[in-house]
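Visitor:
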Amino acid sequence: MEKERNEKKNRDNIHLLSQALNLLNEGLVIMSPAGKLIYTNRFARELLDIDKEKYRDRYFYQVISDLDVITFINENFDKEYNVWESKKIKNRYIQLVFAADVDEKVLLLRDLTQIKKYENLKRDFIANVSHELKTPVATLKLLMETLEDECQTNKTAIDFIKKAQGRIEYMEQLIQDLITLTMLETSKGIPFEKKKIKLKPIIDKIVEETSVIAKQKNVQVESLLPEDLEVIGDERLFYFVFRNLIDNAIKYNHEGGKVEIKYSTLPKEQVISVCDTGPGIPKSHLPFIFERFYRVDKSRSRKLGGTGLGLSIVKLAVEKLNGKVDVESEVGKGTCFKVYFPYS
1 MEKERNEKKN RDNIHLLSQA LNLLNEGLVI MSPAGKLIYT NRFARELLDI DKEKYRDRYF
61 YQVISDLDVI TFINENFDKE YNVWESKKIK NRYIQLVFAA DVDEKVLLLR DLTQIKKYEN
121 LKRDFIANVS HELKTPVATL KLLMETLEDE CQTNKTAIDF IKKAQGRIEY MEQLIQDLIT
181 LTMLETSKGI PFEKKKIKLK PIIDKIVEET SVIAKQKNVQ VESLLPEDLE VIGDERLFYF
241 VFRNLIDNAI KYNHEGGKVE IKYSTLPKEQ VISVCDTGPG IPKSHLPFIF ERFYRVDKSR
301 SRKLGGTGLG LSIVKLAVEK LNGKVDVESE VGKGTCFKVY FPYS
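Under full-length UniProt numbering, think of the first position of the sequence shown as 1, with each following residue one higher.
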């Protein structure tokens with residue numbers, strides 16, 4: 001009698017759990033270590049066209065009709081860590097998450113269609129507004145230059161004009177950063193190349209372009225890259241990455257400080273580091289510095305003309321180059337950004 005009550009209780013609990021899982025707006029597929037289906041919830045069955053009555057104890061490739069999903073499971077079935085990838089299934093953007101580090105194999109399917117839609121709307125809005133602002137800002141800049149020529153003898157007017165020009169230059173940089181960021185996110189308007197290029201000439205060009213501000217702050221910039229260093233990717237992407245990193249390393253450095261651009265190697269990657277002798281970044285800020293508009297010291301960033309988008313551009317550009325970027329910093333000693341690229 002006790003055994004029957006326990007069995008009924010277990011069946012009721014399983015039924016209740018199944019009902020709860022069927023209410024989720026995420027798909028769940030549980031497989032045996034051999035790849036046979038044990039459980040699917042309603043969302044997964046609808047998305048993957050799985051017959052509720054016929055899937056149990058059959059292999060996933062016998063039941064799932066979407067070839068992309070089958071390939072994703074096959075490629076990751078024996079991995080000892082969780083992986084995720086986005087696919088378009090039935091005109092919906094779905095994030096596939098495969099958990100292979102448990103006894104059973106678990107596939108989660110998350111519908112990101114609405115999130116993707118809002119992200120696209122946001123990117124389009126930023127891109128359109130940025131382009132619309134370029135012309136009036138350029139006009140203001142020209143008007144300020146004309147006023148400056150006309151007011152050379154009026155010191156008070158010149159001071160006001162200089163301040164206005166500083167804000168216009170900030171707006172100009174902000175608009176350009178927004179356009180670059182949107183371009184990297186959507187890949188619209190830029191056909192990214194994938195070819196072998198020498199990195200040192202790009203770095204030398206950036207060092208030359210930033211030499212004026214470096215001289216103003218008495219910051220020594222030294223490139224220690226080998227002449228024959230080759231990387232694979234688009235020259236403009238490498239420029240976006242290192243222009244922002246070197247520019248920041250100079251701007252946020254101490255008077256009389258130093259910036260070094262160094263090269264090192266790992267078994268599967270080559271590493272380019274941009275290191276400065278500036279004030280350093282507190283550890284509490286490090287997890288957030290690649291987020292757009294994030295500033296460690298807001299008043300100092302505004303004073304130096306920072307838009308808060310440079311490191312977001314760096315991260316996106318590095319990802320486009322199949323690399324990764326990391327940062328090491330110690331307060332009072334300086335900051336070192338390390339960019340990892342696969343060998344050419």
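Positions of the beta carbon are idealized from the N, C-alpha and C atoms, including for glycine.
For Lys315, I'd like the list of residues in its chain whose CB is within less than 7 angstroms of its CB, leaving aside the five on either flank, ordered along the chain.
Guide: Cβ within range, chain order: Phe290, Val325.
Visitor: Count the C-beta pairs between the segment 212-229 and the segment 154-171 that are closer than 8 angstroms, then say yes if the count reaches three, no if not.
Guide: The answer is no - the segment 154-171 does not touch the segment 212-229, with fewer than three Cβ pairs under 8 angstroms.
Visitor: I need the straight-line Cα distance from Lys54 to Gln114, nearest angstrom please.
Guide: Approximately 31 angstroms between the Cα atoms of the pair.
Visitor: Could you name the residues that DSSP lists as bridge partners for Gln220?
Guide: Bridge partners of Gln220: Lys258.
Visitor: Run through DSSP, which three-state label would Gly166 get?
Guide: Of the three classes helix, strand and coil, the one that applies to Gly166 here is helix, per DSSP.
Visitor: Which ranges would you report for the beta strand (DSSP E) in the segment 23-68 if only whole runs of at least 3 residues count?
Guide: You should have 26-31, 37-40.
Visitor: Compute the Euclidean distance between the alpha carbons of Val129 and Lys117, then round it to the nearest angstrom.
Guide: So the two alpha carbons sit approximately 18 angstroms from each other.
Visitor: Please go through the same chain and pick out, in chain order, the residues whose beta-carbon is closer than 7 angstroms to the beta-carbon of Gly189, but skip the five residues on each side of it.
Guide: Model confidence at Gly189 stands at a pLDDT of 49, short of 50, so the residue's coordinates are unreliable; what they give is reported in the following sentence. Met183, listed in sequence order.
Visitor: Quick check on Asp149: does DSSP put it in helix, strand or coil?
Guide: Three-state DSSP puts Asp149 in a helix.
Visitor: Which runs of the beta strand (DSSP E) at least 3 residues long sit entirely within the segment 72-117? Give them in chain order.
Guide: Segments of the beta strand (DSSP E) lying fully in the segment 72-117: 83-89, 92-99, 105-111.
Visitor: Ends of the beta strand (DSSP E) at Val325?
Guide: Unbroken beta strand (DSSP E) run through Val325: 324-330.
Visitor: Buried or exposed, going by whether 16 or more other CB atoms sit within 10 Å of the CB of Asp312?
Guide: A small correction: the amino acid at residue 312 is Ser; Asp does not occupy that position in the sequence shown. That one is buried.
Visitor: Report buried or exposed for Pro279, applying the criterion of at least 16 other Cβ atoms within 10 angstroms of its Cβ.
Guide: Buried, since its Cβ has 16 or more Cβ neighbours within 10 Å.
Visitor: Do Ala317 and residue 346 come within 8 angstroms of each other at the CB atom, strictly closer than that value?
Guide: Because residue 346 is not part of the residues shown, which for the chain are 1 to 344, the question remains open.
Visitor: Quick check on this structure: which residue in Glu172, Val106, Ala138 has the alpha carbon closest to the alpha carbon of Phe60?
Guide: Measuring from the Cα of Phe60, the nearest candidate turns out to be Val106.
Visitor: Among all the DSSP beta bridges, which residues are the ones paired with Pro342?
Guide: According to DSSP, Pro342 bridges with Glu269.
Visitor: Grouping DSSP H, G and I as helix and E and B as strand, with all else coil, what is Gly189?
Guide: Any reading at Gly189 must be qualified, since the residue scores a pLDDT of 49, below 50, and its modelled position is unreliable; no value is offered.
Visitor: Helix, strand or coil for Gly334 per DSSP?
Guide: Gly334 falls in the strand class under three-state DSSP.
Visitor: Excluding the five sequence neighbours on either side, which residues of its own chain have a C-beta within less than 6 angstroms of the C-beta of Lys141, listed in chain order?
Guide: Ile168, listed in sequence order.
Visitor: Between which two residues does the alpha helix (DSSP H) harbouring Lys315 extend?
Guide: That run of the alpha helix (DSSP H) goes 310-320.
Visitor: Report the option in Leu96, Ile179, Cys151 whose CA atom is closest to the CA atom of Glu132.
Guide: Selected option, being the one with the closest Cα: Ile179.
Visitor: Identify whether Lys194 lies in helix, strand or coil by the three-state DSSP scheme.
Guide: Correct three-state label for Lys194: coil.
Visitor: My guess is that Asp177 and Thr307 are in contact by the Cβ rule of under 8 angstroms, so how many angstroms apart are they, rounded?
Guide: Indeed, because the Cβ distance is near 5 angstroms, the residues count as touching under 8 angstroms.
Visitor: So, helix, strand or coil for Tyr252, using DSSP?
Guide: Coil, per DSSP.
Visitor: Taking 8 angstroms as the threshold (C-beta atoms), are Tyr263 and Leu224 in contact?
Guide: In this structure, Tyr263 lies closer than 8 angstroms to Leu224 by Cβ.
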